[in-house]
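Only one structure is covered here, and it is reproduced in the block below.
In my numbering, the protein residues as written are 439 to 748.
Okay, here's the thing in structure tokens:
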């Protein structure tokens with residue numbers, strides 16, 4: 439059972455003061471009008487484009503691998519838009535953690551909610567397939583306001599940030615589970631709960647299979663989805679929290695249940711179908727995906743790294 443972080447007096451130690459200051463600044467920033475927050479977020483992202491050289495190189499390489507059909511100048515434009523979304527992701531985290539429900543509702547709409555209603559009518563759990571969009575925190579808050587569920591996360595190494603992150607996410611969700619707590623996830627799904635699960639990062643070769651992702655034929659993909667589908671037989675519903683253009687807010691897109699396609703299939707098929715679903719979702723807002731993560735860091739034995747230093 440995952441033990442959630444609790445507040446500790448040790449958080450007042452000087453080593454946490456800088457983080458407290460950052461959180462205070464973020465808390466004050468998100469009091470500003472949303473259009474102004476968009477300008478600040480994009481500005482932060484463009485600043486990150488100048489100073490986060492390692493992450494810029496990773497994101498550029500990911501875009502080259504996934505969108506080889508784009509010309510170089512188009513890839514660079516997408517890179518710039520992506521880092522503007524990185525800056526917005528910081529602001530949107532503050533919005534998710536500190537905005538009231540009333541203010542959140544003002545800025546989002548929902549598309550495809552009938553898919554969630556259909557999934558819930560089946561009297562079984564729902565495996566909610568999230569992806570690492572930069573709108574992740576805000577998307578989880580929005581979805582939790584509609585249907586509170588259980589989030590799956592990686593505990594942060596910084597104890598204070600771990601507590602703050604968990605506290606923010608629990609504003610609209612029931613509890614959190616460690617991403618390695620597979621038994622806890624299966625148990626919750628069998629109890630007809632909603633589990634938010636993101637299978638789109640590279641978690642290493644252990645419990646992973648090499649299947650296609652975009653134009654990379656052998657991307658390491660977690661078999662966790664397969665084990666959850668096999669162990670609990672839930673509905674499998676993908677969703678996308680997409681930021682709308684021209685400062686119009688957000689659209690929560692709920693996609694159809696794909697569980698019937700996955701039932702009784704082998705892990706390679708399940709992982710491949712999950713990747714296809716994730717690709718389809720990313721193409722709805724490619725500039726808003728977390729490309730600065732090394733999605734293809736794990737390679738089959740003997741294969742050269744995609745991120746080799748030049």
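Note that the Cβ used here is the ideal one computed from N, Cα and C, for glycine as well. Predicted model, so just to flag it, every value in this text is computed and none were measured.
{"Item": "Residue 629 to residue 525 span [Cα, whole Å]", "Value": "38 Å"}
{"Item": "Candidates 689, 592, 573, 658, of which the one nearest residue 732 by Cα", "Value": "658"}
{"Item": "Reduced DSSP category for residue 657 - H, G, I as helix; E, B as strand; rest coil", "Value": "strand"}
{"Item": "Terminal residues of the beta strand (DSSP E) in which residue 591 lies", "Value": "588-591"}
{"Item": "Whole-Å CB distance - residue 417 paired with residue 600, under 8 Å assumed", "Value": "Only positions 439 to 748 of the chain appear in the structure, and residue 417 is not among them; the question remains open."}
{"Item": "Rounded distance between the beta-carbons of residue 583 and residue 624, thought under 8 Å", "Value": "So it is not a contact: roughly 26 Å between Cβ atoms."}
{"Item": "Residues bridged to residue 689 [DSSP beta-bridge criterion]", "Value": "547, 680"}
{"Item": "Range covered by the beta strand (DSSP E) that runs through residue 635", "Value": "632-635"}
{"Item": "Span of the beta strand (DSSP E) around residue 646", "Value": "646-651"}
{"Item": "Spatial distance of residue 440 from residue 699 (CA atoms)", "Value": "31 Å"}
{"Item": "Three CB pairs or more closer than 8 Å across the region 658-675 and the region 501-521", "Value": "no"}
{"Item": "Residue 613 - partner residues in DSSP beta bridges", "Value": "588"}
{"Item": "Option in 586, 603, 585, 587 with minimal Cα separation from residue 787", "Value": "Residue 787 is absent from the model: the chain starts at 439 and stops at 748."}
{"Item": "Sufficient close CB pairs (3 or more, under 8 Å) joining the region 528-539 to the region 575-582", "Value": "yes"}
{"Item": "Cβ pair residue 708, residue 571 closer than 9 Å", "Value": "no"}
{"Item": "Beta-carbon proximity check, residue 643 vs residue 736, cutoff 9 Å", "Value": "yes"}
{"Item": "Sub-9 Å separation of residue 741 and residue 619 beta-carbons", "Value": "no"}
{"Item": "The region 501-508 contacting the region 548-558, beta-carbon criterion three pairs below 8 Å", "Value": "no"}
{"Item": "Collapsed DSSP secondary structure at residue 478 in the structure displayed", "Value": "helix"}
{"Item": "Neighbourhood of residue 727 by C-beta distance below 6 Å, restricted to the same chain and skipping five residues each side", "Value": "571, 720"}
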